[in-house]
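Engineer: First the structure, which I've put down as structure tokens, then a few questions once you've had a look.
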Amino acid sequence: RKIIFEKQWFYLDNAIGHTYGTTFEVTSGGNLQPKQEVEESTTETKEAGTDNRNIVDDGKSQKLTHDDIKALKDKGIKGQEIVQQLIENSTTFRDKTEFAQDKYIKKKKKKYEAVITIVKPSTRILSTMYYAREPGKINHLRYDTLAQMLTLGNIRAGNKMIVMETCAGLVLGAVMERMGGYGSIIQMYPGGGPVRAATSCFGFPKPFFDNLHEFPLSKVDSLLSGTFSTETLPSEPEDNVLAEEESNGLTDEKQISLQETEEESTTETAMEINQTEEQDTMDINVEDAVCKENKEKENKDNVREKQRKQWERRKKLIETAALLTEKNADGLIVASKFHPTPLLLSLLEFVAPSRPFVVYCQYKEPLLDCYTKLRERGGVINLKLSETWLRNYQVLPDRSHPKLTMSGGGGYLLSGITVVLDKGKPDSSHLEALKMEEPSSKRCKVQDLHC
Amino acid sequence: MSFAEYGDTIKDGDTAIVFLGHESMFPVKVQHGTVTQTKYGVIRHSTDLIGKKYGSKVTCSKGGWVFILHPTPELWTMNLPHRTQILYSTDISIITMMLELKPGSIVCESGTGSGSLSHALIRTVAPTGHLYTVEFHQQRAEKAREEFREHGVEHLVTVTNQDVCKNGFGVSNIADAVFLDIPSPWEAIGHAKSALKAEGGRICSFSPCIEQVQRTCLAMEEYGFTEINTLEILLRVYNVRTISLQIPDLGQAAEDNSSTGFDSSNPSNQGSLGTSLQQGTVQFKSGVPLREMVGHTGYLTFATKS
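Structural data, given as structure tokens:
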């Protein structure tokens, strides 16, 4: 399979059998050749200037023309040799300081010597990569911020975690890596299904997915209010109808089944392969009469297959709902594009007391709101709003200095610890907070003064 | 209770964290018949703690109350008895991720110091991993052993009392990662390399001074480490405050109602962000940086053996 990376294309076949961390050179045919540690050959000319007082930028220091260089490249000459040629044909190279020579060579090497190192996927690699390449897909969650989340959330083997993320599954993957297949994770997802594009990059073994559950965010309210169980508790369809007839009126039943089909069709959209399949069967359903016999048979199989999948999904959903309603999760991680306040206020209900929670947001303001609302709700302590700055350094003899400051873009975290809610107080104050803004902000002022 | 596993209820012999509010807390060792004094009064372990759920509110003798929390490495870091300068959670988190630690990892650490990082490492590599930690100070090594035993994690850690620069980690070719927090890490790079697995691993060195980093980087290069990368991480904490700013009187107040006039010209000023309460002021929520913050802890140098 052909792969394009940094304007190079190549085949991965030759890389098989080598250890992780092996460096390869790309040849003209797109093949990879392992590259060994090369002795620095360019250091033989130890001639160098001390400063740049006599170096003039006349644009004529390089004697090779663009065409010459292209010709060298077309001939398939090794990048290393091109760099050597460039140095030899540079009139100013000898006058440059030693450091400037070094820098010149490094720059040219980067351009002409295409080397690729193949490494093992990890949270470190993937989060750095996503932040550099597709920050929009992970809500600009910088890797050091993700690291904070994992630590503040006390993520470890054996936990029962609730994760709500819209970061392409990167946060989920990071949590899975830290849990090493021990314990369970419940992923809350918006829309039709959880996105796990980044999760699949980790290459987790299959058992890691055995205790990975998912639950639709749109069902959280019904689960909290207790209306969820009547909808989907029975796993058999016949039972389903019976139970519903017993407990609900006819109109209710209709509504519910409508809701269910709606939900199921949306679930399907997430699974691309299934989607087309299902659409086919649905079309056929409509034009049933026109269809031929064999097609009908096929259709029946499809329908049966579909139903089987639906039952399975529903069964899983019920299992997950049961896990949630135990309300004893060991932590909550939120990193999404949604406003964090409603997520937190609802999802914290599922978390046991004395457990950490962490919310990520690209912006600070929603977390200020969330902070205030959590204070009003109660049941949380040690609330902390924070941000990390990351500074990379160039460390070379006599040339050490900070590289670049990354600030702002890494996002913000709100973290805290759950405690047992005071009986009596919570519900009324929660409602109060929703109804009236003004008194609540006054109250916060008092609270702020306290801390 | 264990630092590597959650428990529901408080038991005799547990280490628990007493939370007094405003980030003030301290650890207690739960024991039958013992009492703990707080500014809100006395806590009697037998009746007030044992058998209660973690996260409960405990009313003290003077009517005040505290929360009792399950210990975590992060809470421990904030409360542990200092025997040395310690690493805080901000640095610990990036170290853990950059060293690619997970359940099952084998880690070497030196020095053990006060065990702040050690607890976090043990948490992450449990239940199948192991920490080999080396401390050249005999009393500190002894104290660390005792703590690990008390915290129910002794099976996950081996404390060795020797000089890592001279004698290494006491293990070879088994580690996935090595962490160094010693005054002269460059003298231990060779030992670190031999402690790491033959197929490779990650290393991190923590140093407060750039000169130390310089020498460490040179040593790492000499021993064939690749991907050498030095970074620094800073934590900024914000206080959430409601702030009100007065609107200056520019002389127009007499003609139109200044507060409503301001509000209508500022639709974004509604909702949670802020509302104008009194005439002539605007209120809003802000995250205010602390007056003083930690400006520097140390440089973290990471590298790969491959």
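Residue numbers (the UniProt record's numbering), protein chains in the order written: chain E, 1 to 451; chain F, 1 to 306.
Beta carbons are placed, not taken as given, at the ideal position from N, Cα and C, and that holds for glycine.
Given the structure is predicted, the values throughout are model-derived calculations rather than measurements.
Would you report the Cα separation of residue 69 (chain F) and residue 9 (chain F), rounded to the nearest angstrom?
Structural biologist: 10 Å
Engineer: Look up residue 160 (chain F) in the DSSP assignment and give the residues it is bridged to.
Structural biologist: Checking the DSSP bridge columns, you'll see residue 160 (chain F) partnered with F:134.
Engineer: Is residue 208 (chain F) close to chain E, meaning its C-beta is less than 7 Å from at least one C-beta of that chain?
Structural biologist: no
Engineer: Could you tell me how far apart the beta carbons of residue 4 (chain F) and residue 156 (chain F) are, in whole angstroms, since I believe they sit closer than 8 Å?
Structural biologist: 7 Å
Engineer: Grab the span of the beta strand (DSSP E) containing residue 282 (chain F) for me, first residue to last.
Structural biologist: 281 to 289
Engineer: List the whole-angstrom C-beta distance separating residue 163 (chain E) from residue 148 (chain E), where the pair is believed to meet the contact cut-off of C-beta under 8 Å.
Structural biologist: Not really, about 16 Å apart at Cβ, beyond 8 Å.
Engineer: Starting from residue 79 (chain E), follow the beta strand (DSSP E) in both directions and report where the run begins and ends.
Structural biologist: Counting along the chain, residue 79 (chain E) falls outside any beta strand (DSSP E), though it belongs to the alpha helix (DSSP H) covering 79 to 88.
Engineer: Under a CB-based cut-off of 7 Å, is residue 51 (chain E) close to chain A?
Structural biologist: No chain A appears in the structure shown, which is made up of the protein chains E and F.
Engineer: Given a threshold of 16 other Cβ atoms within 10 Å of its Cβ, counted over all protein chains shown, does residue 452 (chain E) qualify as buried or as exposed?
Structural biologist: Missing from the structure shown is residue 452 (chain E); chain E here goes from 1 to 451 and no further.
Engineer: Residue 78 (chain E): buried (16+ other C-beta within 10 angstroms of its C-beta) or exposed?
Structural biologist: exposed
Engineer: Could you tell me which residues DSSP puts in a beta bridge with residue 331 (chain E)?
Structural biologist: E:161
Engineer: Within 7 Å of any Cβ in chain E, is that where the Cβ of residue 294 (chain F) sits?
Structural biologist: no
Engineer: For residue 120 (chain E), which residues in the same chain have their Cβ closer than 6 Å to its Cβ, ignoring the five residues on either side in sequence?
Structural biologist: 20
Engineer: Under 7 Å Cβ-Cβ, which residues of chain F neighbour residue 180 (chain E)?
Structural biologist: Listed along the chain, the chain F residues whose CB falls inside 7 Å of the CB of residue 180 (chain E) are 102, 103 and 104.
Engineer: Does DSSP put residue 209 (chain F) in a helix, a strand or coil?
Structural biologist: coil
Engineer: Note down the Cα distance separating residue 413 (chain E) from residue 201 (chain F), rounded to an integer number of angstroms.
Structural biologist: 30 Å
Engineer: Against residue 210 (chain E), what residues of chain F qualify as contacts under a CB-to-CB distance less than 7 Å, listed in chain order?
Structural biologist: None at all; the shortest Cβ gap to chain F is about 15 Å.
Engineer: Express the C-alpha separation of residue 94 (chain E) and residue 202 (chain E) in angstroms, rounding to a whole number.
Structural biologist: 48 Å
Engineer: Going by C-alpha distance, which of F:306, F:36 and F:46 is nearest residue 226 (chain F)?
Structural biologist: F:306
Engineer: Residue 70 (chain F) touches chain E at which residues, Cβ-Cβ below 7 Å?
Structural biologist: 354
Engineer: Residue 282 (chain E) by DSSP, collapsed to three states: which one?
Structural biologist: For residue 282 (chain E), the predicted structure reports a pLDDT of 41, less than 50, and the residue's modelled location is therefore unreliable. The matter cannot be settled from this model.
Engineer: Output needed in chain order: residues of the region 3 to 24 of chain F with a Cβ under 8 Å from some Cβ in chain E.
Structural biologist: 4, 5, 6, 8, 19, 21, 22 and 23
Engineer: Quick one: is residue 64 (chain F) near chain E, going by C-beta distance under 7 Å?
Structural biologist: no
Engineer: Can a CB atom of chain F be found closer than 7 Å to the CB of residue 468 (chain E)?
Structural biologist: Residue numbering for chain E in the displayed model covers 1 to 451; residue 468 (chain E) lies beyond these limits and cannot be assessed.
Engineer: Please list the segments of the beta strand (DSSP E) lying wholly inside the region 159 to 205 of chain E, counting only runs of 3 or more residues, in order along the chain.
Structural biologist: 160 to 165 and 184 to 189
Engineer: My output table needs one value for residue 80 (chain F): the three-state DSSP class, helix, strand or coil.
Structural biologist: coil
Engineer: Using a Cβ-Cβ cutoff of less than 6 Å, which residues in the same chain neighbour residue 99 (chain F) once the five nearest sequence positions on both sides are dropped?
Structural biologist: 177, 202 and 204
Engineer: Consult DSSP for residue 355 (chain E) and reduce its assignment to one of helix, strand or coil.
Structural biologist: coil
Engineer: Cα-Cα, which of F:240, F:169, F:159 and F:114 is closest to residue 191 (chain F)?
Structural biologist: Closest in C-alpha terms to residue 191 (chain F), from the list F:240, F:169, F:159 and F:114, comes F:169.
Engineer: Counting only beta-carbon separations shorter than 7 Å, does residue 364 (chain E) have a partner in chain F?
Structural biologist: yes
Engineer: Which residues, in chain order, does the region 231 to 248 of chain F contribute to contact with chain E at a C-beta distance below 7 Å?
Structural biologist: 231, 232, 233, 234, 235, 236, 237, 238, 240, 241 and 242
Engineer: Taking CB distances under 7 Å as the criterion, tell me whether residue 448 (chain E) reaches chain F.
Structural biologist: Because residue 448 (chain E) carries a pLDDT of 45, less than 50, the predicted location of this residue cannot be relied on, and the following value inherits that uncertainty. Output row for residue 448 (chain E): interface = yes.
Engineer: Under 7 Å between beta-carbons, which chain E residues line up against residue 126 (chain F)? List them in chain order, please.
Structural biologist: 156 and 157
Engineer: Cα-Cα, which of E:88, E:391, E:313 and E:83 is closest to residue 70 (chain E)?
Structural biologist: E:83
Engineer: Just the Cα atoms here: how many angstroms apart are residue 161 (chain F) and residue 129 (chain E)?
Structural biologist: 40 Å
Engineer: Nearest chain E C-beta to residue 108 (chain F) closer than 7 Å, yes or no?
Structural biologist: no
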